[in-house]
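In UniProt numbering, the protein residues as written are 1 to 106.
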């Protein structure tokens, strides 16, 4: 049986925190975030899901969460926004923020 979330809303409403990277293919700083997100994923493993959302292809999602600039990172847990920031965030800071938010929202 497939228990994968079918929609973005189901994904962010889930028990596992989700870090969403709103990005654009033409955005230089967004390209800088890719290795940072990979590093963060390695460090946190199953504690968090990391999802990339192309704002040009998913304008509805970008609009719903008032994404005005890219990259914008938003951390969701059980449908709530725990943290958000625009711009490049260093891996150590990202890991620290996610871990502190997960602990306080658990």
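Every residue, glycine too, gets a C-beta built ideally from N, C-alpha and C.
Around the C-beta of residue i, are 16 or more other C-beta atoms found within 10 angstroms, so that it is buried, or is it exposed?
| i | result |
| --- | --- |
| residue 32 | exposed |
| residue 74 | buried |
| residue 25 | exposed |
| residue 71 | buried |
Which residue wins for smallest C-alpha separation from residue i, given the options the options?
| i | options | result |
| --- | --- | --- |
| residue 100 | 9, 17, 6, 8 | 17 |
| residue 95 | 8, 23, 46 | 46 |
| residue 107 | 48, 23, 59 | The shown model of the chain, from 1 to 106, leaves out residue 107, and the question about it has no answer. |
Alpha carbon to alpha carbon, how far is residue i from residue j?
| i | j | result |
| --- | --- | --- |
| residue 37 | residue 81 | 18 Å |
| residue 42 | residue 50 | 11 Å |
| residue 104 | residue 77 | 11 Å |
| residue 10 | residue 84 | 19 Å |
| residue 55 | residue 29 | 14 Å |
| residue 12 | residue 102 | 14 Å |
| residue 62 | residue 68 | 8 Å |
| residue 86 | residue 15 | 24 Å |
| residue 34 | residue 66 | 22 Å |
| residue 93 | residue 27 | 21 Å |
| residue 79 | residue 64 | 13 Å |
| residue 19 | residue 58 | 16 Å |
Please state whether the Cβ-Cβ distance between residue i and residue j is less than 8 Å.
| i | j | result |
| --- | --- | --- |
| residue 7 | residue 91 | no |
| residue 21 | residue 53 | yes |
| residue 98 | residue 60 | no |
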